[in-house]
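Structure, as structure tokens:
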Amino acid sequence: MSSSENDRDKPQRVIREFQARKRTLPRWECPEATYHVRASICRGRPERLVQPDIARIVTASLHHDDGIRYLLHCYVLMPDHFHAVLHALRRDDGFVPLSEIMQGIKSSTAHRINKLTGRTGSFWLAEGYTRIIRCAEEYRLTYHYIRCNPIAAGFVELPEEWDWWWERKA
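In this note's numbering, the protein residues as written are 7 to 176.
Structure below.
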């Protein structure tokens with residue numbers, strides 16, 4: 007192979023290598039941290055999280071381990087993703103890892119939604135968004151962002167008008 011062929015293939019090889027590795031980025035986890043998480047459905051899936059039967063599955067799953075493995079602060083369902091703020095709780099052997107929390111939510115909902123729709127295969131994208139909320143101001147901004155997501159998307163004018171918003175009452 008000539009050097010010009012190697013040079014010509016190099017950009018594509020670099021892109022392929024980057025794409026192959028981007029799913030292995032480290033996720034910072036901290037004992038008893040509060041997280042902002044986002045999970046998105048796979049492209050090409052016809053289902054929408056705001057379809058009532060699917061929304062019930064997702065919201066039931068989010069509430070299932072609330073108070074057991076995590077404390078759920080708020081969430082919003084959008085057509086192709088959800089955002090949530092949750093606080094990982096302690097258990098006898100340390101803390102509940104965020105990866106375990108998200109695996110539980112995504113696995114149970116994927117199985118139920120696939121059964122409901124008669125489909126098979128992946129429902130959720132493997133990668134999602136996770137961020138440790140580090141201070142009260144960041145919490146406030148994150149909460150506002152999540153609450154106003156349906157407004158930003160043009161679905162409603164007021165957050166209260168969106169059926170798939172939930173917040174823990176004090």
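Cβ coordinates follow ideal geometry from the N, Cα and C atoms, glycine included.
- Counting along the chain, Leu104 sits inside no beta strand (DSSP E); it lies in the alpha helix (DSSP H) bounded by residues Leu104 to Thr123.
- The criterion of a C-beta distance shorter than 8 Å is satisfied by Leu95 and Arg75.
- Burial of Ala45 is indicated by the presence of at least 16 other C-beta atoms within 10 angstroms of its C-beta.
- Counting every other CB atom within 10 Å of its CB across the protein chains shown gives Asp169 a total below 16, marking it as exposed.
- When DSSP states are grouped into helix, strand and coil, Ile74 belongs to the coil group.
- Per DSSP, Ala142 is one residue of the alpha helix (DSSP H) stretching across Ala142 to Arg153.
- Here the alpha carbons of Asn155 and Thr148 stand approximately 11 Å from one another.
- Cβ neighbours of Leu122 within its own chain (closer than 8 Å, five residues either side excluded): Asp59, Ile60 and Ile63.
- Note that the C-beta distance between Leu78 and Leu68 is below 8 Å.
- At a Cβ-Cβ threshold of 8 Å, Ile138 and Ala39 count as neighbours.
- In the DSSP assignment, Ile47 falls outside any beta strand (DSSP E), carrying neither H nor E.
- Residue nearest to Thr136 within the set Glu173, Cys80, Leu92 and Ala142 is Leu92 (criterion: CA-CA distance).
- Secondary-structure assignment with DSSP links Phe88 through a beta bridge to Ala45 and Leu83.
- For the 8 Å CB-CB criterion, Cys48 and Trp130 form a contact.
- Within 10 angstroms of the beta-carbon of Lys112 lie 16 or more other beta-carbons, which makes it buried.
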